[in-house]
Amino acid sequence: MDKEKTYQELYPQIKALIEKESDLIANLGNVCAALHFPFNFHWTGFYLVKKNELVLGPFQGPVACTRIGFDKGVCGKAWKQKNTLIVADVNQFDGHIACSPFSKSEIVIPLIINDEVWGVLDIDSSEFDTFDEIDRKYLSSICEALNFSYISNN
Ligand code: SME
């Protein structure tokens, strides 16, 4: 099945999952699982802003680094820039934090409410050049749906 079709099927399922549950961590956990397996990503997870750094949240995949500073790595840069970053080859990204040698490309989407980042969704692929505008579009919608969950927990 092509990627867009998979997202089109997954999106309403993920939205329904999130809307039924008010707990943020439960929702972040299920979103990771719902995305990770259909696409066979290498690593799918959240980092949450706590004071001045990103701290590892729910994820699927191998053990990862637990803390990432502001402006550090792809995640810290997406936090600083308040923008989605798509990296076709992590070896070419200055300052990439290599949690796993198998990670070849990645996308990081910041979770933003009122211009303030509260976390990031980080997805790593074991292939180069995995992510494009289709991923950006659907993953951004999923992140927006998670904002409601964040608001009701804070
Ligand atoms: N890729 C990230 C580090 C986190 S791991 O990939 C899970 C980065 O450079 O921000």
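Take my numbering: the final residue in the sequence shown is number 173, and no numbers are missing along the way. Cβ atoms here follow ideal geometry from the backbone N, Cα and C, with glycine treated the same way. None of the values given here were measured: they were computed from a predicted structure.
Relative to the Cα of Val-93, the nearest Cα in the group Phe-78, Val-109 and Val-82 belongs to Val-109. Note on Ala-117: under 16 other CB atoms within 10 angstroms of its CB, so exposed under the neighbour-count rule. In its chain, beyond the 5 residues on either side, Gly-80 and Asp-143 have a beta carbon closer than 6 Å to the beta carbon of Trp-62.
Non-local beta-carbon contacts of Leu-67 in its own chain, meaning distances under 6 Å to residues more than five positions away in sequence, involve Val-74, Gly-76 and Gly-138 in chain order. Excluding residues up to 5 positions away in sequence, Thr-103, Ile-105, Ile-126 and Ile-128 lie with their Cβ nearer than 8 Å to the Cβ of Arg-155 in the same chain.
Of the candidates Leu-54, His-55, Ile-161 and Val-82, Val-82 places its Cα closest to the Cα of Ser-119. When secondary structure is reduced to three states using DSSP, Gly-95 falls in the helix class.
For Pro-120, there is no enclosing alpha helix (DSSP H), as DSSP gives it neither H nor E.
Ranked by how close their Cα comes to the Cα of Asn-172, the residues Ser-41, Lys-24 and Leu-29 have Ser-41 in first place. In the three-state reduction of the DSSP assignment, Lys-69 falls in the strand class, which pools E and B.
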